[in-house]
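Reading through the structure tokens given below for one structure.
Residue numbers (the numbering used here): 2 to 990.
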């Protein structure tokens, strides 16, 4: 017995439905007398009839009909315009009624020519005597408007069959019939069945666009009128025959063969692959031949013929419900309606029934009829005898369905459907509006993961996005208007009051059911994140302006629902907070034009008692503006922490490394540095104390814990090193005694988890796919050695708007400069800044940093009002949430700064910051960033003495504002990381 293929090693290639049915009939030329045209159209509206027929079946591209009366008109029309199909209704009174067909076919041999005739015995007699060499098909017009649709689809199927069967395995229903009258009736019935069934199975697609595309994967219908034609089609498309409907009597070897259908069916049975066959005959005595071959039989003379045909096709060709039967009694055991049904019931199918249905290809036919080609193709390759047991068969089919659903769910923005959303759903939207900037970036990452298989070569270390549902912007609009919140939102009321109004308002009731299904599926706390129209746009990212809340998953679902509702409304409210309005003004956007979508995302991490957090959170950029040693700018940079990523965003101590050089970590280069400059605290979600009221501070329910708490959780075993105070040595790895250092040494240096390799690959792919430098947010849930999940949380462009300077800035004389940095971020030349604001370094004390932030906020508001920019200089880290590390400003409080300078003082040595949302905004707005340590040679200068000699426009105990009469010139070379601010009198040098 052959070894079965390993489903885990197998990679399903997703079907590209957009590449199917690419050849279409767009224009049809109808040659008929005005009377015949009118009769054909019933009331003169042929285009409208066809359009209605197409839209009722969810079909696109209805063809346009052009009517002409004579052969002369037809030839002229064909010479001037392109037609894919010609239909003629010949005048039955003419002696040579097919002369037009012959003449036109000679001129346009590749254009299908169809003749439509009324049905009568006289017409049939004439047809049998005529030379039909110029005619591809003759159809009998019985007053059925579906016939035109069937003719068009028959032609389109013939145009596309070769490509579509070869590329994805599209199936074929073969109709064998030589009676014009009968196939003119049977074809519309068959097409109607296939179209309606396809419309049903297309609903398994994840959104409206995918549904429309999936219709292209429907089975094709091919018509054979002789035994030889049937053999040719069957032989050519042997692996693609879904089923056969055959007459009993038709031409074989040029002669009428009364049992041609019976002989063809016997020949098919010898070919080795089972294909269901339905016989049709007007002679009831022919049923014995169908019974002999265990085939189904339909009496053509039956008044219920169309219904009988539908029943046989649906039951035998894999359409409709899959009815699992007892092979002995044929009694129904259970029925399977869709893929999810099969997934749930595969283990409930008795062994003998499973073997019976597998041996008759019923499973693969069920998949084929629903255009699930990868499943059908894979299963068809396995003979039922190759399974060691039916238990093995069940497991393989189950694993196959799971794998297929994961592939289908990735890279697609599905429409949320409470009946279909489950643990294999990946990304869905509620509503019909925009999914916003963050939503778009997450969907883009999901598509990257799907397209780049190299990201998931190791099953133990998958790369994915967290389970995500987006509330579209139309829900925001409805919420705002229904609750009449705009007057409050656009007022000058304090943030707390605006939040209070929003929390009292109600979300649309229809969302409750959907939320409950979402909560059933999600197995972790939920991150409720903003996704505004402006966020993460290529040219003005609004990173970190709006709130992100996290809520725990409670044992009482209704309690979780209440928290979820509050979090959504709190994010909506954050659009209208003072900082957001200030930011809007700074970016010249209108607050009432901002629309907010909400991202509901499964939080990454593990629960430890009463708190929850991931092993690693981080931010990585494809450009490293601070390359150290042999690092290169284009190799990128990453900043990682234990716990929630908000700790990085707020400027907390993190580990900085280049993914291309994970062994070179400056912070670990000495014991003193490692003890002083590594993480001591981290953020975790409080999962039990949910009584706290929602606050404008989106971190109100986060706990700031220390490393000893993590040690008790046993969560740092693979990311810590141990300090031995006796030997004053740091050992890589976790040991019971000694202080723990969050070094990530086992991850970065000993490859317990291939973080560096994944980051290098993701940054490279992200930059290539986005066409510009990128920043990604990520988290890792580390399970064990060599086992963990890497989650992509967000991707944004790093915007670079100005041309890089090629001037050698290192040759500028120090006496001509106010500021010089050899660790500068930004690029270009700025010539319109007159003002510089600096924190006085004399007697500087970090205890005053909060007070300094308030003073700078007031000054920035003044600059904002006057639409002016300035250079801002201060010690430590701008924007740090820890006032001991720097001035704790938020971006809106310094939004008009054109250059931001971080100083190291002799008695205040803080590592420069990089790795927060802050710097995304700096690069987005073309703001320069300087890091200066004037006490170390070649690490920059700050000529504070020069500034102290200039008159101050404004001065307090802590800060000073100097305004020049002519502008300073700011020059930054981003490639060499050199920046300078020239004294106004030297600006022309």
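Cβ atoms here follow ideal geometry from the backbone N, Cα and C, with glycine treated the same way.
query, result
"Endpoints, the beta strand (DSSP E) within which residue 401 is located", "From DSSP, residue 401 is part of no beta strand (DSSP E) but of the alpha helix (DSSP H) over 391-410."
"Distance CB(residue 175)-CB(residue 252) smaller than 8 angstroms", "no"
"Cβ shell of residue 44 (< 8 angstroms), same chain only, five flanking positions each side left out", "A caution first: residue 44 carries a pLDDT of 47, below 50, which makes its placement in the model unreliable, though a value can still be read off. Contacts found: none."
"Test item: CB-CB of residue 1 and residue 825 under 8 angstroms", "The question about residue 1 has no answer, for the chain in this structure spans 2 to 990."
"Test item: CB-CB of residue 942 and residue 818 under 8 angstroms", "yes"
"One or two residues paired with residue 969 in a DSSP bridge", "834"
"Where residue 296 falls, given that 16 or more other Cβ within 10 Å makes a residue buried", "buried"
"Where residue 254 falls: helix, strand or coil (DSSP)", "coil"
"Residue 344 - DSSP class collapsed to helix/strand/coil", "helix"
"Through-space distance from residue 237 to residue 218, alpha-carbon basis", "19 angstroms"
"Which listed residue (221, 178 and 973) has its alpha carbon closest to that of residue 230", "178"
"Residue 668, DSSP secondary structure in three states", "helix"
"Reference residue 787, options 463, 276 and 857, closest by Cα", "463"
"Bridge partner(s) assigned by DSSP for residue 246", "176 and 279"
"Pick from 269, 479, 604 and 119 that is closest to residue 468, judged by C-alpha positions", "604"
"Run of the alpha helix (DSSP H) containing residue 474, from where it starts to where it stops", "474-483"
"Extent of the continuous beta strand (DSSP E) to which residue 991 belongs", "The structure shown does not extend to residue 991, since the chain is modelled only from 2 to 990, so the question has no answer here."
"Buried versus exposed, by CB contacts within 10 Å (16 or more), residue 936", "exposed"
"Paired residues, beta bridge with residue 740 - DSSP", "724"
"Residue 831, buried or exposed, once every other Cβ within 10 Å from all chains shown has been counted against 16", "buried"
"Among 722, 716 and 685, the one whose alpha carbon lies nearest that of residue 704", "685"
"Pair within 8 angstroms by beta-carbon distance, residue 364 and residue 398", "yes"
"Residue burial classification, residue 410 (beta-carbon count within 10 angstroms, cutoff 16)", "buried"
"Beta bridge counterpart(s) of residue 142 as assigned by DSSP", "119"
"Touching by the beta-carbon criterion (3+ pairs, under 8 angstroms), the stretch 305-313 and the stretch 355-375", "no"
"N- and C-terminal bounds of the alpha helix (DSSP H) containing residue 551", "Careful: residue 551 lies outside any alpha helix (DSSP H), inside the beta strand (DSSP E) at 549-552."
"Terminal residues of the alpha helix (DSSP H) in which residue 763 lies", "756-771"
"Distance between residue 621 and residue 481 (C-alpha atoms, nearest Å)", "36 angstroms"
"Bridge partner(s) assigned by DSSP for residue 223", "175"
"Length-filtered (3 minimum) beta strand (DSSP E) runs lying within the stretch 601-635", "607-609, 612-614 and 617-622"
"Bridge partner(s) assigned by DSSP for residue 574", "BP columns for residue 574 are empty, so no partner."
"Neighbourhood of residue 134 by C-beta, 7 angstroms cutoff - its chain only, sequence neighbours within 5 removed", "103"
"Proximal residues to residue 294 (C-beta, below 6 angstroms), its chain only, five neighbours per side dropped", "266"
"Cβ pair residue 840, residue 735 closer than 8 angstroms", "no"
"Whole-angstrom distance between residue 232 and residue 278, CA atom to CA atom", "14 angstroms"
"For residue 784 and residue 747, the rounded distance between their alpha carbons", "14 angstroms"
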